[in-house]
Amino acid sequence: MKTVIRIISILIIALSVTFCASKQEFQSEFPQEIIAAYYQTNKEDGKTYFFIDLKEQLNSKLQLEEVHFNDKTAVFESISKNTFRAQFNNKSKNTDLILDGNASKEYGNKAPSVKKSKFVLKSNEAVVQYSKKNRKYYFKITNVNERLVR
Numbered sequence: 010m011k012t013v014i015r016i017i018s019i020l021i022i023a024l025s026v027t028f029c030a031s032k033q034e035f036q037s038e039f040p041q042e043i044i045a046a047y048y049q050t051n052k053e054d055g056k057t058y059f060f061i062d063l064k065e066q067l068n069s070k071l072q073l074e075e076v077h078f079n080d081k082t083a084v085f086e087s088i089s090k091n092t093f094r095a096q097f098n099n100k101s102k103n104t105d106l107i108l109d110g111n112a113s114k115e116y117g118n119k120a121p122s123v124k125k126s127k128f129v130l131k132s133n134e135a136v137v138q139y140s141k142k143n144r145k146y147y148f149k150i151t152n153v154n155e156r157l158v159r
């Protein structure tokens, strides 16, 4: 009877450790001061651009990797020494569907792929993924506002 209790307790401990390791925790502070975080939607090209303006140049030990915003993910690129931009493509890919009264003629239609976001965010929140010393960190930004394209 003792061996059964030991096995069950070992399994419970192993499962709890496994689930704790898979959870992404947010950092309470970003390592550098952020002046502004905002997005712009360009109606002409159908893209949304997410910007982060830092007070000083990004520390050489830090690397901005991705931003998660409005159920989408994009990679950051450097625009200047303290401004970074991520680009989201809002236009859906045009895939031709065959619609016919005869179901056999519709063979070959692909089901749409739906990607679930890693994070549950409000419409004005974003999560910045960055790395420091080859370790990933996540920082949640609230009150992300839209700025008009000039």
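Here this note's numbering is used: the first residue of the sequence shown is 10, the next is one more, and so on. Glycine included, each C-beta is placed from N, C-alpha and C at the ideal position.
One thing to note: Y58 has its Cβ no nearer than 9 Å to the Cβ of V153. Contact check between the segment 53-73 and the segment 112-124: fewer than three CB pairs, one atom from each, fall below 8 Å, which does not count as touching. Contact annotation, L73 with F93: C-beta distance approximately 5 Å; criterion of less than 8 Å satisfied. Looking at the backbone, the Cα of G110 and that of K124 are separated by about 30 Å. DSSP assignment within the segment 63-121 yields no whole alpha helix (DSSP H) run of 4 residues or more. The distance from the Cβ of E134 to that of K149 is about 6 Å, consistent with a contact at the 8 Å cut-off. Separation of Y147 and R15 (C-alpha to C-alpha, rounded to the nearest whole angstrom) is 37 Å. Scanning its chain for C-beta atoms nearer than 6 Å, with the 5 sequence neighbours on each side dropped, one finds around F39 the residues F148, in chain order. Each residue's CA atom was taken as its position, placing Q138 and V84 some 9 Å apart. In the DSSP annotation of this structure, the continuous segment of the beta strand (DSSP E) that includes V137 starts and ends at 135-141. When rounded, the separation of the alpha-carbon atoms in S140 and K81 is 19 Å. Contact between H77 and F128 holds: their C-beta atoms lie close to 5 Å from each other, under 8 Å.
Beta-carbon to beta-carbon, I44 and L67 are separated by about 13 Å, too far to satisfy the 8 Å threshold. Residues of the same chain with their beta carbon placed closer than 6 Å to that of I21 are lacking, with the five preceding and five following residues left out of the count. Sequence-distant Cβ neighbours of D105 in its own chain, meaning closer than 7 Å and more than five residues away, do not exist here.
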